[in-house]
Amino acid sequence: METLRGPQFTLNDGNTLVTEVVSDDDSHLCLYVLLQDMLKIGDMVVGFDIEWGFKGCSASRSGSTSSRHADHHSQPDKSEHLPRRVEHHIAVLTFCTKLGCVLIRLSPNHISPSLKRFLSIKDIMFVGVHIKEDLHRLRSVNGLVVRNAVDLSELAATIYDQPRFLAYNARELACKISSLKSDPKSLNVLWSNWFDPTLSPEQIESATIEAYATYKIGKKLMESGSSSVKRLFL
């Protein structure tokens with residue numbers, strides 16, 4: 001049976017995960033491997049995380065093309081002095097299951113049918129922390145709809161009657177709920193170039209930890225015994 005291929009990371013709870021990094025266009029086999037393993041072991045919870053990236057582009061100059069051509073010899077080109085606009089885009093999707101993690105680098109102009117189908121499978125529960133904005137952006141900009149998604153921060157706050165959980169990030173929440181201890185996310189990694197076609201080992205490890213944390217939280221909440229939680233996951 002096919003399995004994931006890539007670097008291995010040993011988490012603080014002793015588990016070792018394999019993380020494969022692929023482009024969206026090449027994600028079909030990885031998603032198939034994840035799904036087959038989930039069906040085999042009966043665990044349909046997927047830890048879901050997103051890495052945002054920044055891209056800068058020059059502001060548009062006013063005036064028609066013809067007028068710019070007409071002025072080419074009389075005025076110097078000042079395009080390099082135009083202000084730059086920084087745009088915030090979703091760069092990487094990370095999925096984590098008991099088998100391992102898959103990091104998918106999104107294309108700015110195309111979404112594969114395989115990714116669309118995977119996110120629309122009704123039996124999969126995608127769990128994440130503070131993912132409402134992510135889900136909205138995926139739908140409005142990328143045309144991706146996640147059929148079954150649970151925001152764990154809200155769910156944990158309700159189940160444990162702890163409103164402060166709403167402010168916790170994935171690593172903090174995993175520490176409180178499932179005793180998974182992780183170092184804070186490095187600012188150097190957070191602000192690194194997530195659009196780089198070759199992600200660094202530090203980026204891959206960081207994304208793996210984030211997605212694994214959401215998977216662990218989701219499993220812990222599902223196993224909490226609450227009937228309302230079980231209805232979400234079954």
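Numbering-wise (UniProt numbering), the sequence shown opens with residue 1 and increments by one. Beta carbons: idealized from backbone N, C-alpha and C, even for Gly.
For residue 188, does the count of other Cβ atoms within 10 angstroms reach 16, so buried, or fall short, so exposed? For this step, residue 188 is matched to residue 188 along the sequence shown. Residue 188 comes out exposed.
Between the C-alpha atoms of residue 14 and residue 114, what's the straight-line distance to the nearest angstrom? Here residue 14 refers to the residue found at position 14 of the sequence shown. Here residue 114 refers to the residue found at position 114 of the sequence shown. Their backbone Cα atoms lie some 32 Å apart in a straight line.
Span of the beta strand (DSSP E), counted from its first residue to its last, around residue 105: As a first step, residue 105 is located in the sequence shown; it is residue number 105 there, counting from the start. 100–105 is the span of the beta strand (DSSP E), which, as asked, contains residue 105.
Identify, in the order they occur along the chain, each residue of the same chain with its Cβ nearer than 6 Å to the Cβ of residue 46, setting aside the five sequence neighbours on each side. Walking along the sequence shown from the start, residue 46 turns up at place 46. The beta carbon of residue 46 sits closer than 6 Å to the beta carbons of 95, 97, 124 and 126 from its chain, once the five residues preceding and following it are set aside; these are given in chain order.
Extent of the continuous beta strand (DSSP E) to which residue 118 belongs: Taking the first residue of the sequence shown as position 1, residue 118 is located at position 118. That residue, residue 118, is in no beta strand (DSSP E); its alpha helix (DSSP H) goes 113–119.
I need the boundaries of the beta strand (DSSP E) containing residue 19, first residue and last residue. For this step, residue 19 is matched to residue 19 along the sequence shown. Residues 16–23.
Nearest to residue 190 by alpha carbon, out of 52, 130 and 2? Taking the sequence shown and counting its residues from 1, the one referred to as residue 190 is at position 190. Of the candidates 52, 130 and 2, 52 places its Cα closest to the Cα of residue 190.
Please confirm if residue 108 has its CB atom under 8 Å from at least one CB of chain B. Absent from the structure: chain B. Only one protein chain is present.
Tell me where the alpha helix (DSSP H) around residue 3 begins and ends. One-based indexing of the sequence shown puts residue 3 at position 3. Per DSSP, residue 3 belongs to no alpha helix (DSSP H) and is neither H nor E.
When the Cα of residue 129 is compared with those of 3, 214 and 193, which residue comes out closest? For this step, residue 129 is matched to residue 129 along the sequence shown. Out of 3, 214 and 193, 214 has the C-alpha closest to the C-alpha of residue 129.
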